[in-house]
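In what follows, a single structure is set out as structure tokens and then discussed.
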Amino acid sequence: MNKKLLGLLLYSSLLQAQIGMGSEKTMKDLHENDSFKKEKTRDVREDANTEIAFFHNNDALETDLLDPLSLHEKEEESISKENKSLIYVNGQYVIPQKITVQMTADFMSAATTGFAVPIGNLNNEIVDNENSYAGTATANSFKVFDDGVYEVSMTVQMSTVYGATPRIGIWDNNAMQWLASVKNTCTTPKNKSQTYNLTTSIALVANHIYSFRASNKFDFTIKNLPSGGTSSDLLTQVSVRQIK
């Protein structure tokens, strides 16, 4: 056999072996200008439910086995890093529901016995991205659109009788009971306000109505500003934010 022909056949056999021409996988022709260029091909086998990535570079063949769960976790991590405003709920990314409201005027109430009153004048809506909040001079209420976990925050300026133990919190209007509340003893004179804070995470459901409420055995006033305060001081404010 001609030596040139023999050499050509041997070169062809070696080339086929290197790029897997005899394997079950069909590869791209990686030969270009007598050199291999870096390429990546993907093949998804439904029976294995696994994606195999082939990398060809400098005559070398590498494979990565990437299961769909890992790919999903990487995708979730990537999206959450790129857009911090999104949360993952029920298998999809959603914009979380948010409500932030400030008080516009003082709200006065007589003593409450065995019940809590909705806090009025919570009607300066800073954020209400689902248009789910309503506030008047005498009441407030809101609903959520997804069952889930929500962060609730309340900062309330209140004046009442020294030694009283008023309570503030979030109320379930359907069940007629507190969902979360805080109760502190008043340590200031009646004409001075005291700050009451509540921050917690609770489960809320879409088919219930909720409200921000207060109760006290003595008359009380919830102030939109601390006693003698200005607009730059700490305001009475409430908020709800979906977190899960």
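Residue 134 is where the sequence shown starts when you use this note's numbering, and the numbers rise one by one after that. Here a beta-carbon is modelled for each residue, glycine too, at the ideal position from N, C-alpha and C.
Ala313 and Ala249 have their alpha carbons spaced roughly 13 Å apart. Linking Val222 to Asn307 through their CA atoms gives a straight-line distance of about 25 Å.
Listed in chain order, the non-local C-beta contacts of Ser348 below 6 Å within the same chain comprise Thr245, Ala249, Arg300, local neighbours out to five positions each way being set aside.
Secondary structure note for Tyr221: its beta strand (DSSP E) is the uninterrupted segment 220-222.
Gln290 and Lys356 do touch by the CB rule: their CB atoms are close to 4 Å apart, below 8 Å. Residue range 327-337 is occupied by the beta strand (DSSP E) that includes Leu337.
Counting along the chain, the unbroken beta strand (DSSP E) around Glu258 starts and ends at 257-261. Per DSSP, the unbroken beta strand (DSSP E) holding Gln225 starts and ends at 225-227. With a contact defined as Cβ atoms closer than 8 Å, Met236 and Thr369 qualify at about 4 Å.
With fewer than 16 other beta carbons inside 10 angstroms of its own, Val282 counts as exposed.
For Met291, the secondary structure class from DSSP, reduced to helix, strand or coil, is strand. The three-state secondary structure of Asp239, taken from DSSP, is coil. Met287 counts as buried, since at least 16 other C-beta atoms from the protein chains shown sit within 10 angstroms of its C-beta.
For Gln230, there is no enclosing beta strand (DSSP E), as DSSP gives it neither H nor E. Gln327 has its alpha-carbon roughly 32 Å from the corresponding atom of Pro229. Taking C-alpha positions only, Asp305 is separated from Asp279 by approximately 16 Å.
Inside the stretch 294-319, DSSP marks whole beta strand (DSSP E) runs of 3 or more residues at positions 300-305, 310-316, from first to last along the chain.
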